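*Asks:* Numbering (UniProt numbering), first residue to last: 1 to 200.
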Amino acid sequence: MNKFNLSVLWLILGTVQLGLLGCGPAVQPISYHTLTGFPAATETRDNHSQLVLQIGPVNLPDRLKQSRLVFGTNGTFQFSDQHRWADDLDHDIARAIGEQLAVRLKTEQIALFPENRYAQITCQIVLDVLTLEGLPGQEASFSVRWSIIDPDTRAVRFVRRSTFGRQPTDSSQAAWVATQRQNIAALSEEIARAIQTGSW
C-alpha cells in the first residue's frame with residue numbers, strides 16, 4: 001500500500017471515529033440544589049432578640065449522607081447522578097431552619113452546630129431526620145424527631161415527632177426540592193411555636 005492510499009485510509013478511519021463519537025449520548029449536566037433561600041417566614045409579634053439558638057446536630061439516615069439526591073418510597077430508593085445537593089445535607093437543613101427561626105423569633109443570634117460564637121446558648125435544637133423521600137411529581141414527605149436541649153444541663157426539655165407531606169407543582173426534581181423546602185418551613189414554624197409558648 002503506497003503512502004497516498006495509507007493517508008486516505010487513516011482519514012476515513014478518523015472520520016468514522018468522529019462520527020461515532022458524535023452519535024454517542026450527550027453528557028447530562030449536573031444540577032445542584034439547596035434547601036435554603038425560600039421566601040421569608042412571617043415574623044412573630046413577640047421579640048425574642050435575647051434568644052440565642054444553636055441548631056444541630058442534624059442526624060441523617062446513612063442513605064442521605066451523600067451529595068446525590070435520593071428518590072423513592074416504601075423502602076426502595078434511586079440515587080440521582082444528575083441531581084445533587086450543593087452542600088452537605090445535614091448542614092443545609094440546619095441552615096434552612098436557622099434562616100426561618102431568625103425571622104419567626106426576631107433573633108439573629110443563631111449558631112449552627114458545632115459552631116458556638118456566643119458566650120451563652122439559650123437552647124439547642126437537635127434533629128433526627130427519619131425520612132426525606134418521595135418521587136418527582138408525587139408527594140414529597142419529611143419526617144423528623146426533634147428535641148429542645150438545655151445547653152447547661154444537657155437535659156431534654158421537649159421532644160416531638162413531626163411529619164409533613166406535600167404535592168410538588170410539577171414532575172421535575174427542582175419542584176420536589178422546592179416542596180421539601182416548604183416542609184422544612186412548616187417544621188420551623190412548629191419549633192418556633194414551641195419556643196414562643198415556653199413548652200420547653
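For glycine and all other residues, C-beta sits at the position ideal for the given N, C-alpha and C. Nothing here was measured: the structure is a model prediction, and the numbers come from that model.
Going by the beta-carbon positions, is the gap between Ile110 and Pro151 smaller than 8 Å?
*Replies:* In this structure, Pro151 does not lie closer than 8 Å to Ile110 by Cβ.
*Asks:* Look up Ile121 in the DSSP assignment and say whether it is helix, strand or coil.
*Replies:* Here Ile121 sits in coil by DSSP.
*Asks:* By the three-class DSSP mapping on this structure, what secondary structure does Asp135 have?
*Replies:* The displayed chain sequence assigns Leu, not Asp, to residue 135. Residue state, collapsed to three classes: coil.
*Asks:* Pull up the CB-CB distance for Leu35 and Gln180, whole angstroms please, since I reckon it's below 8 Å.
*Replies:* The Cβ separation is near 6 Å, so the contact holds.
*Asks:* Please list, in chain order, all residues of the same chain as Phe79 whose beta carbon is under 7 Å from its beta carbon, the five residues on each side excluded.
*Replies:* Answer for Phe79: Arg68, Val70, listed in chain order.
*Asks:* For a test of the three-state rule: what should DSSP assign to Asn59, helix, strand or coil?
*Replies:* Asn59 falls in the strand class under three-state DSSP.
*Asks:* Going by the CB atoms, is the gap between Leu53 and Thr107 shorter than 8 Å?
*Replies:* Their beta carbons are under 8 Å apart, which means Thr107 touches Leu53 by this criterion.
*Asks:* Is the segment 75-90 touching the segment 150-165 in the sense that three or more CB pairs, one from each, lie closer than 8 Å?
*Replies:* The segment 150-165 vs the segment 75-90: no contact.
*Asks:* Alpha carbon to alpha carbon, how far is Val27 from Asp92?
*Replies:* About 28 Å.
*Asks:* By DSSP, does Asp152 sit in helix, in strand, or in coil?
*Replies:* In this structure, Asp152 counts as coil in the three-state DSSP scheme.
*Asks:* Can you give the beta carbon distance from Ser31 to Gln82, rounded, assuming they're within the 8 Å contact cut?
*Replies:* The pair is a contact, with the Cβ atoms about 6 Å apart (cut-off 8 Å).
*Asks:* What would DSSP say about Ser188, mapped onto helix, strand or coil?
*Replies:* Helix, per DSSP.
*Asks:* Suppose you measure from the CA of Val177 to the CA of Ile195; what does that come to, to the nearest Å?
*Replies:* Roughly 27 Å between the two C-alpha positions.
*Asks:* Expressed to the nearest angstrom, what Euclidean distance is found between the alpha-carbon atoms of Gln173 and Ile184?
*Replies:* Approximately 17 Å, taken between the alpha carbons.
*Asks:* Does the Cβ-Cβ distance between Gly72 and Glu139 come in under 8 Å?
*Replies:* Cβ distance not < 8 Å, so Gly72 and Glu139 don't count as in contact.
*Asks:* Under the assumption that Val126 contacts Ile97 (Cβ atoms under 8 Å), give the Cβ distance between them as a whole number of angstroms.
*Replies:* With a Cβ gap of about 11 Å, Val126 and Ile97 do not count as contacting.
*Asks:* Could you pull the start and end residues of the beta strand (DSSP E) that Val70 belongs to?
*Replies:* 68-73 is the span of the beta strand (DSSP E), which, as asked, contains Val70.
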